[in-house]
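Here the structure comes first, spelled out in structure tokens, and everything after it is commentary.
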Amino acid sequence: MQKSKVTKTPDKAEEKNAETEKRIPKCPQLLRGMKDILPESQKHWNYVRKIVEELAEDYTYERIDTPILEETSLFARSVGENTDIVEKEMFSFEDKGGKKVSLRPENTAGIARAYIEHGMLDRPQPVRFFYWGPFFRYDRPQAGRYRQFNQFGFEAIGDSNPIIDAQLIVMCQSLYQTIGIPVVTQINSVGCRECRREYEQLLTDYLSSRKKFLCEDCKRRLTKNTLRILDCKEKDCKEILADAPHIVDHLDEECKAHFVKVLEYLDEADITYQLNPFLVRGLDYYTKTTFEIWPEKEEGSQSALGGGGRYDDLVEVLGGRPTPACGFAGGIERLIISMREKEIVIPPPEPPDVFVAQLGESAKKKALRLVEDLRQKGIRAASNFSTEGLKYQLSVAAKLKVRFSLILGQKEMLDKTILLRDMEGGSQEVVDYNKVYDELKKRMEKVKAIIKNGNNHSEE
Ligand code: HAM
19 MQKSKVTKTP DKAEEKNAET EKRIPKCPQL LRGMKDILPE SQKHWNYVRK IVEELAEDYT
79 YERIDTPILE ETSLFARSVG ENTDIVEKEM FSFEDKGGKK VSLRPENTAG IARAYIEHGM
139 LDRPQPVRFF YWGPFFRYDR PQAGRYRQFN QFGFEAIGDS NPIIDAQLIV MCQSLYQTIG
199 IPVVTQINSV GCRECRREYE QLLTDYLSSR KKFLCEDCKR RLTKNTLRIL DCKEKDCKEI
259 LADAPHIVDH LDEECKAHFV KVLEYLDEAD ITYQLNPFLV RGLDYYTKTT FEIWPEKEEG
319 SQSALGGGGR YDDLVEVLGG RPTPACGFAG GIERLIISMR EKEIVIPPPE PPDVFVAQLG
379 ESAKKKALRL VEDLRQKGIR AASNFSTEGL KYQLSVAAKL KVRFSLILGQ KEMLDKTILL
439 RDMEGGSQEV VDYNKVYDEL KKRMEKVKAI IKNGNNHSEE
């Protein structure tokens, strides 16, 4: 017997859903290569930011923020017309006034522009900057590579001394070590304009006779920007490059002396580095030293954690006076991926100094004021106004690991007092409300002294 075909008629709920979908379109999705940084990840970000800021302060690098949007020509002239970044990866468009603008793919160009535009040549040199912020490259997204990503960076503009290059490397290695990521620095020198011109000719001659084995991109690079071929990741190109001439063997006297000095300083500072003759980096503005920082043992699909180098011509190329400079930028997402792979435990934040608990409406009002008064006097006070129960509030205080709680109930409101509870033993004292700050401060100092003495004894 032939089965009769059952056609399902949509029920009322389905019809309603379809109707709603027609009226309210689906929520737009996150763009490819972009990431939300959710509250649960913020502790990693805050920790890295704290370490970067502390390091910047120690080495007297001052914060600079430049716009995310700049004229497209800024990047074309600095990063280079024939680089992947400018050719393929920039988010560029015309603004409403018809100006060609781009979301910044990196920050060295913007900082060099700011240095020129604000006449910073008149300040004591080098001018040291540090930054932190989002950058944009329309690349193929994969682990550790995004279309919006974040970098921190350091730039020292106005000093040609090789010790600047070495100190930047020391500083960056120290940053990763402080966080707990063992790293190794790869280093090379791409020489100055003159020695590079000669080397480029040598490399072009070497590669031209092997052109048919190169990938399509490199064939094109051979006529436009030969040095970029040294970056190529294609297997066949890498094989051909294995016997290519090395730029360090073709440096002029000054560039050679500079490179030797950088390496000497690094040896002196006990920095482990590897010479990498192919490290020309994907940006055209470099002169002399180039370097990258890599995880010591490559785990997962990671690549360079950061990179930098000297860019002695950039300020001049952008229209300023000749000004030597050197810098570094680190990828923050890649650093956090490494931290997670290494299961690095982030030190918990310091607990608040005090918890303010309250019982009853009038106490709540007074406590609201008290939290703010304490905060203004430099005491970090926590509270939980949305719950009434004292037991619950004190359990929150215990969870926050605060040493002292202040309890304001109806009786205390009438007596103009407040209860000061030591959360470590549970002892409570009634103190005059008007003296709460002094009493609390006294006890906090006492605890601090006990901790300090304890530490001193354990060091002896
Ligand atoms: P860069 O090598 O292009 O150099 O980028 C530095 C770091 O940013 C990379 O090593 C990587 O960790 C991170 N990074 C780059 N692109 C992406 C991406 N698509 N997704 C995730 N992370 C990424 C520069 O940007 C130069 N401005 C560095 C510099 C400063 N040179 C001198 N001063």
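Going left to right, the sequence shown walks through residues 19 to 478 as the working numbering numbers them.
C-beta: ideal position from N, C-alpha, C; glycine also.
Nonlocal neighbours in the same chain, by C-beta distance under 7 Å from residue 449, ignoring five residues either side:
435, 436, 438, 457
Straight-line CA distance for residue 461 to residue 430?
One Cα belongs to residue 461, the other to residue 430, and the distance between them is close to 20 Å.
First and last residue of the uninterrupted beta strand (DSSP E) at residue 82
Neither: residue 82 is in no beta strand (DSSP E) and is coded neither H nor E.
Ordered list of alpha helix (DSSP H) runs contained in the stretch 73-159, each at least 4 residues
90-96, 126-135
Spatial neighbours of residue 240 within its chain, please: CB distance less than 8 Å, with the 5 preceding and 5 following residues excluded, ordered by chain position.
Same-chain partners within the cutoff: 222, 225, 226, 229, 232, 247.
Quickly, what does DSSP pair residue 440 with across the bridge? List them, please.
422
Option nearest residue 203 by Cα separation, candidates 279, 295, 401, 291
291
Would you report the Cα separation of residue 407 and residue 377, rounded to the nearest angstrom?
7 Å
CB-CB under 6 Å to residue 37, same chain, minus the five flanking residues each way: which ones, in chain order?
none
If residue 127 sits next to residue 73, beta carbons under 8 Å apart, how far is it from one beta carbon to the other, in whole angstroms?
The Cβ separation is near 23 Å, so there is no contact.
Which term fits residue 306, buried or exposed, when burial requires 16 or more other beta carbons within 10 angstroms of its beta carbon?
With a 10 Å radius around the Cβ and a threshold of 16 neighbouring Cβ atoms, residue 306 comes out buried.
For residue 239, which three-state DSSP category applies?
Looking at residue 239 - three-state DSSP - the assignment turns out to be helix.
C-alpha distance - residue 205 paired with residue 294, whole-angstrom precision
6 Å
Check this for me: beta carbons of residue 99 and residue 155, under 9 Å apart or not?
no
Check whether residue 157 and residue 51 have beta carbons under 9 Å apart:
yes
Please return the same chain residues whose Cβ sits closer than 8 Å to the Cβ of residue 139, not counting the five positions on each side in sequence.
Excluding residues up to 5 positions away in sequence, 133, 176, 338, 339, 341 lie with their Cβ nearer than 8 Å to the Cβ of residue 139 in the same chain.
With a 10 Å radius around its C-beta and 16 neighbouring C-beta atoms as the bar for buried, classify residue 327 as buried or exposed.
buried
For residue 185 and chain B, any beta-carbon pair shorter than 9 Å?
Here there is only one protein chain, and chain B is not present.
Taking the alpha carbon of residue 303 as the reference point, which residue from 201, 125, 322 has its own alpha carbon closest?
125
Tell me the DSSP secondary structure of residue 293 in three-state form.
In this structure, residue 293 counts as strand in the three-state DSSP scheme.
From 276, 272, 244, residue whose alpha carbon lies closest to that of residue 262
Distance from the Cα of residue 262 is smallest, within the candidate group 276, 272, 244, for 244.
Selected residue, minimal CA-CA separation from residue 417, among 428, 427, 401:
401
Starting from the N-terminal side, write out each stretch of the beta strand (DSSP E) that is 3 residues or longer and does not extend beyond the stretch 345-414.
With a minimum length of 3 residues, the unbroken runs of beta strand (DSSP E) contained wholly in the stretch 345-414 fall at 372-376, 399-401.
Going by beta-carbon coordinates alone, are residue 82 and residue 149 separated by less than 9 Å?
yes
Alpha carbons only, please: which of 198, 419, 432 is nearest the one belonging to residue 359?
198
So who's on the other strand from residue 202, going by DSSP bridges?
DSSP, once it has assigned bridges, lists 312 as partnering residue 202.
Outcome for residue 354 when other beta-carbon atoms lying within 10 angstroms are tallied against a minimum of 16:
buried
Straight-line CA distance for residue 131 to residue 471?
Whole-angstrom Cα-Cα distance: 52 Å.
If you draw a straight line from the C-alpha of residue 453 to the C-alpha of residue 389, how long is it?
15 Å
Just the C-alpha distance for residue 426 and residue 368, rounded to the nearest angstrom, thanks.
24 Å
Alpha-carbon to alpha-carbon, residue 65 and residue 212:
43 Å
The ligand HAM and residue 148: does any heavy atom of the ligand fall closer than 8 Å to the residue's C-beta?
The answer is no for residue 148.
Could you tell me if residue 423 is buried or exposed, where buried requires 16 or more neighbouring beta carbons within 10 angstroms of its beta carbon?
The residue is buried, with at least 16 neighbouring Cβ atoms inside 10 Å.
Taking C-alpha atoms, which residue in 451, 459, 249 lies nearest to residue 421?
459
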